[in-house]
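Only one structure is covered here, and it is reproduced in the block below.
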Amino acid sequence: MFIQVRRITVKAGNADQVVARFSKESPIDGMEGLIDKTVMTTKISREEEEVAVMIRWRSRDDWKNWEKSDAHLQGHREKKGQEPPEYVISTKVNMYEVQSITQGKASRSV
841 MFIQVRRITV KAGNADQVVA RFSKESPIDG MEGLIDKTVM TTKISREEEE VAVMIRWRSR
901 DDWKNWEKSD AHLQGHREKK GQEPPEYVIS TKVNMYEVQS ITQGKASRSV
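The sequence shown finishes on residue 950 if you use our numbering, and the numbering steps up by one all the way, no holes.
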């Protein structure tokens with residue numbers, strides 16, 4: 841399994857806008873190898889919130905296929921030269937190769 845985590849720090853009161861953007865249906869949802877997309881929030885301080893978007897792929901190759909897809913490239917072409925919204929403070933992306941998964945009791949009873 842391969843996981844991409846995008847962490848977006850925003851000015852307080854703006855996390856909902858980022859959540860809405862990443863929660864709506866998009867071309868990534870139909871990609872082969874996509875396991876799921878999870879959108880999470882946390883309050884960092886009075887002034888800042890963070891939205892974390894975790895995208896799980898079956899493999900690194902499935903993620904690479906998304907990165908090279910026409911839909912993904914077109915999305916970037918459309919946004920080329922655009923500044924991020926004024927409420928976005930920073931964005932950081934990390935990639936992870938899953939090494940181990942341990943199932944808890946709750947997942948076994950589902």
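The C-beta atom is built at its ideal place from N, Cα and C for all residues, glycine as well.
Keep in mind it's a predicted model, so treat the numbers as computed, not measured.
Query                                                                                                             : Result
Three-state class that DSSP yields for K908 in the structure shown                                                : helix
M880 versus A892: straight-line alpha-carbon distance, rounded                                                    : 5 Å
Nonlocal neighbours in the same chain, by C-beta distance under 8 Å from I868, ignoring five residues either side : L874, K877, I895, W906, A911 and H912
Straight-line gap, E872 to E890 (C-alpha atoms, nearest Å)                                                        : 29 Å
Reduced DSSP category for E923 - H, G, I as helix; E, B as strand; rest coil                                      : coil
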